[in-house]
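See below for the structure under consideration.
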Amino acid sequence: MIIVPKNIVTVDSKDRILKNHFIEIENGRIISIKKNDEKYFLKNKQRVLRFDDLTLIPGFVQTHIHLCQTLFRGLADDLELLDWLQLRIFPYENAHNKNSLLASVRLGLNELLLGGTTTLLDMGTLRHQEVVFEELQNSGLRAIAGKCLIDENDLFPQFKSDTKSELEDIYQLAKTFHNTSNGKIKYGFAPRFVLSCSEKLLKESFEMKKDFTGSLYHTHSSENKDELAEIKRRHKKANIEYFDSIGVVDDHSVLAHCIHVDEKETELLRKKKIRVAHCPSSNLKLGSGIANIPKYLKKGISVSLGADGAPGNNNLSIFNEMRLAALIQKPIHGAKAMDAKTVFKLATIKGAEALHLQNEIGSIEVGKKADLTLLDLTSNTHSLSDSDDSIYSDIVYASSANSVNSVMIEGEWKVLNKKSLLYDQTELNQNSKAELKKLLNRVKK
Ligand code: GUN
Ligand code: FE
């Protein structure tokens, strides 16, 4: 396949933006990036796809998502974390059966795809995690996912499992799904957060990741002040300090949020090369706080972006996360903080690096997988200047999921001309509505 866009935002080591260039794709990889060549196009006519008005960018990478929560959008508004979990999210997740879970996953994947996201790190669900994996395989998205682990739950005691079966289950799941779909799917060991996990579960799930090369450890950390007070009461330590004391953080650990982090813990983030998944919409909506991302970046700490779950956002669009990641820091750190190019990189190559996938995805370079998004930056809400600088500005400050025209993963179209090739939205909505209704009835019982 030969793709001829208006321009290419490569996100390569020189941050090149190419005009009058095309890319050639073979077996799901980019095999060449060259100057437009009409003679070559004529010779390969049947392989050429022209997108004269569209900007080609790497597919977006989101490093913190809860697919199982998509069904609960709009059902848990205006609450702080612990109430949000206790009164809404845990009861809802607890009521999932395989059908409602599948509806939730499909709804989430379709929204992510239509918004240009091609890779995600998912937190998973307590029960029926195989449903999530099977739909990930079916959809062809690139994902690291894993069963969310809960063996203690004071907030909602019905919603937990026991330590031994949690550990047995994840070993089986990792054996079954890690490195499947041509390596697109990997396992992520996912203890929910300190308050829902015994020390044994946190430690042994971390140890297990060593048996599965390329797998990750993924949890919530340092999100809410009441949560942190309870962690301090139980463990006499701050959140990341506690993780470090039991040996569960390294460069394959992704911590979502990292808002309330002291100096000692910031140093741990840096020294241990821990990955921070920044979720600005969720952090604002749950009233959790504002993470000091400019400080993390200055120290060379890995930062990437995620929408978290639909009931805490209420949207899965990376465009909202990029825009907010930039804007919320400016009143605190000055208008120069978090410029558009920096933020765009958090949503692409930095996301790939966080997941140790930077040799495969995150930029448009020869040898990388063809995970690509085509944007229309020509609408009346975009900049009229055609300068290179205005491209990042247009993407971060002036675009939305609506600006996404087409999406490809490993050389396969998933969205073409704004149409999902995977799912029928009307059908998804009908089915999701029906499943939600049944789920809410189960919650009442
Ligand atoms: N901490 C534990 N579970 C969750 C969750 O589902 N969402 C968020 N934002 N924080 C959490
Ligand atoms: Fe989360």
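Numbering-wise (my numbering), the sequence shown opens with residue 1 and increments by one.
Note that the Cβ used here is the ideal one computed from N, Cα and C, for glycine as well.
Because the structure is a prediction, the values reported are computed rather than measured.
Asked, Found
"Proximity to SER420 [Cα-Cα], best of GLU111, ILE25, HIS64", "GLU111"
"Own chain partners of PHE60 with C-beta closer than 6 Å, once the 5 adjacent residues on each side are dropped", "GLY116, THR117, ILE318, ALA347"
"Segment limits, alpha helix (DSSP H) that includes SER13", "Premise fails: SER13 is in no alpha helix (DSSP H) and is neither H nor E."
"ALA340 to SER281 span [Cα, whole Å]", "17 Å"
"Own chain residues within Cβ distance below 7 Å of LYS34, not counting five before or after", "HIS21, PHE22"
"Contact check, LEU374 vs VAL407, beta carbons under 9 Å", "yes"
"Residue closest to SER393, alpha-carbon to alpha-carbon, out of LEU327, TRP413, ASN431", "LEU327"
"Nonlocal neighbours in the same chain, by C-beta distance under 7 Å from PHE177, ignoring five residues either side", "PHE133, ILE185, TYR187"
"Those residues, in chain order, that have a beta-carbon closer than 6 Å to some heavy atom of the ligand GUN", "HIS66, LEU81, LEU85, ILE89, ARG192, PHE193, HIS220, GLU223, SER282, ASP308, GLY309, GLY312"
"Short Cβ contact (9 Å threshold) for GLU223 with ASN313", "no"
"Under 9 Å between C-beta atoms of ASN405 and PHE51", "yes"
"Validate contact between the stretch 264-275 and the stretch 227-234 using beta carbons, cut 8 Å, 3 pairs", "no"
"CYS197 Cβ short of 8 Å to the ligand FE heavy atom set", "no"
"Residue from THR213, ASN182, GLU204 with nearest C-alpha to ASN27", "ASN182"
"Span separating the alpha-carbon of TYR397 from that of GLN329", "14 Å"
"Closest residue to LYS210 among ASP226, TYR171, ASN239, ILE246 (Cα-Cα distance)", "TYR171"
"Environment of LYS160 [buried if 16+ CB atoms lie within 10 Å]", "buried"
"First and last residue of the uninterrupted alpha helix (DSSP H) at LEU269", "263-271"
"Beta carbon of LEU120 nearer than 9 Å to that of LEU141", "yes"
"CB contact flag (LEU286, LEU81, <9 Å)", "yes"
"Where the beta strand (DSSP E) through ASP122 begins and ends", "117-122"
"Rounded C-alpha distance that separates ASP400 from ASN320", "Inspection of the sequence shows that residue 400 is occupied by Ser rather than by Asp. Approximately 7 Å, taken between the alpha carbons."
"DSSP state of CYS258 mapped onto helix, strand, coil", "coil"
"Near the ligand FE: HIS64 beta-carbon under 8 Å from a heavy atom", "yes"
"Alpha-carbon to alpha-carbon, LYS203 and GLN129", "21 Å"
"Residue burial classification, ARG275 (beta-carbon count within 10 angstroms, cutoff 16)", "buried"
"Neighbour-count burial assignment, SER384, 16 or more Cβ in a 10 Å radius", "Correcting the residue identity first, residue 384 is Leu in this sequence and not Ser. Exposed: under 16 other Cβ atoms inside 10 Å."
"Buried or exposed (CB count within 10 angstroms, at least 16 for buried), ALA291", "buried"
"Beta-carbon proximity list for SER32, same chain, < 8 Å, skipping 5 on both sides", "ILE23, GLU24, VAL366"
"Residues bridged to GLY188 [DSSP beta-bridge criterion]", "LEU216"
"Member of ASP151, LEU42, ILE65 whose CA lies at the smallest distance from the CA of LEU255", "ILE65"
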